[in-house]
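**Student:** Got a structure for you, written out below as structure tokens; questions coming shortly.
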Amino acid sequence: SVQHNMLARLTIETGKLNPLLAVRREAVVREGTRAYVFVRGENDVFERRFVTLGRSDDFNVEIRDGLKLGESVAVGGASALQTGYAALR
Numbered sequence: 089s090v091q092h093n094m095l096a097r098l099t100i101e102t103g104k105l106n107p108l109l110a111v112r113r114e115a116v117v118r119e120g121t122r123a124y125v126f127v128r129g130e131n132d133v134f135e136r137r138f139v140t141l142g143r144s145d146d147f148n149v150e151i152r153d154g155l156k157l158g159e160s161v162a163v164g165g166a167s168a169l170q171t172g173y174a175a176l177r
């Protein structure tokens, strides 16, 4: 047992850290209970992609499914893309 004026060295394992994928909050467009982002595709054309959201903070939202590491999403102007998308439907 550790007593007064004794030192101890501890190692606390908190579990494995799993990398996660997150985007800026303003990149996520919500439609009812669903959410999507606009992903840059071929010829710089953006396509709507439904995503599964995870945890979030004031700035970022975790994407659990629907987006791959390295894909580019629209952040600024996502609402304008939403309007343009609705006009094309």
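Going by our numbering, the first residue of the sequence shown is number 89, and it counts up by one from there.
All C-beta atoms in this analysis are idealised placements derived from N, C-alpha and C, irrespective of residue type, glycine included.
Among residues of its own chain, excluding the 5 on either side of A110, which ones have a beta-carbon nearer than 7 Å to its beta-carbon?
**Tutor:** Within the same chain, and ignoring the five residues on either side of A110 in sequence, the residues whose Cβ sits closer than 7 Å to its Cβ are N148, V149, E150, I151.
**Student:** How long is the line joining the alpha carbons of G158 and A115, rounded to whole angstroms?
**Tutor:** 15 Å
**Student:** Measure the CB-CB distance between A123 and L141 and report whether it falls below 8 Å.
**Tutor:** Their beta carbons are under 8 Å apart, which means A123 touches L141 by this criterion.
**Student:** With a Cβ-Cβ cutoff of 8 Å, do R143 and F134 count as a contact?
**Tutor:** No, Cβ-Cβ distance for R143 and F134 is not below 8 Å.
**Student:** What whole-angstrom Cβ distance do V139 and G154 have, given they're in contact under 8 Å?
**Tutor:** 4 Å
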